[in-house]
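Engineer: If you count by UniProt numbering, then the sequence shown holds residues 1 to 119, one letter each, in order.
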Amino acid sequence: MQSCNSQRDQLIDATQNYTYGLAEQGVIISEERGNALFKITLLEKVELIIQLSSRGFKIVELKSLDKEANLDYEQKISIHTGATFETMDALLFSVSPAFARKHSEELSRKLSAAFLTIH
1 MQSCNSQRDQ
11 LIDATQNYTY
21 GLAEQGVIIS
31 EERGNALFKI
41 TLLEKVELII
51 QLSSRGFKIV
61 ELKSLDKEAN
71 LDYEQKISIH
81 TGATFETMDA
91 LLFSVSPAFA
101 RKHSEELSRK
111 LSAAFLTIH
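(1) Going by DSSP, name the residue or residues bridged to E31.
(2) Can you grab the Cα-Cα spacing for the pair K76 / N35, in whole Å?
(3) From E61 to H103, what does the alpha carbon distance come to, in whole angstroms?
(4) Compute the distance between the beta-carbons of T84 and F57, then report whether it is under 9 angstroms.
(5) Starting from S108 and walking both ways along the alpha helix (DSSP H), at which residues does that stretch end?
(6) Which two residues bound the contiguous beta strand (DSSP E) that contains L48?
(7) Just the Cα atoms here: how many angstroms apart are R33 and Q7?
(8) Between Q117 and E106, what straight-line distance do the alpha-carbon atoms span, to the nearest angstrom?
(9) DSSP three-state call for A83: helix, strand or coil?
(10) Under 6 angstroms Cβ to Cβ from Y20, same chain only, skipping five residues before and after it: list those, please.
(11) State yes or no: is the C-beta of E44 within less than 9 angstroms of the C-beta of A100?
(12) In its own chain, which residues sit with a C-beta less than 6 angstroms from the C-beta of H80, not counting the 5 before and 5 after it?
Quick look at the structure:
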């Protein structure tokens, strides 16, 4: 079981450190001992409400912000509602192709910067 500090760290990480691959920074909705809810918006214009507990990250609700354009996409990712993911990365890679692309771009950028610093 995670300690409160560890869960708090995961919550802060999940809401603040993925902005490169999300439409906006995540927002904490509620936080209780051992359980938290937060909201993120994917680049695909779908809002997710995610529960963080000692078991991991679980999508508890999703809503398309652009009904006409995203109905098929919303149905496709709805199969992940209720599934628990060990990490935020695993959740995002499962539901957001745009996040996966941005993650690869960000990793390449960081590796290039590290390479230039070394040489």
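Beta carbons are placed, not taken as given, at the ideal position from N, Cα and C, and that holds for glycine.
Structural biologist: Short version:
(1) Note: E31 is bridge-paired with A36 in the DSSP secondary-structure output.
(2) So the alpha carbons of these two residues sit roughly 27 angstroms apart.
(3) 23 angstroms
(4) yes
(5) P97 to I118
(6) V46 to S53
(7) 9 angstroms
(8) A small fix is needed here, since residue 117 is Thr in this sequence, not Gln. Straight-line measurement puts the Cα of E106 at about 17 angstroms from the Cα of T117.
(9) coil
(10) K102 and E106
(11) no
(12) These residues qualify, in order along the chain: I59, S94 and V95.
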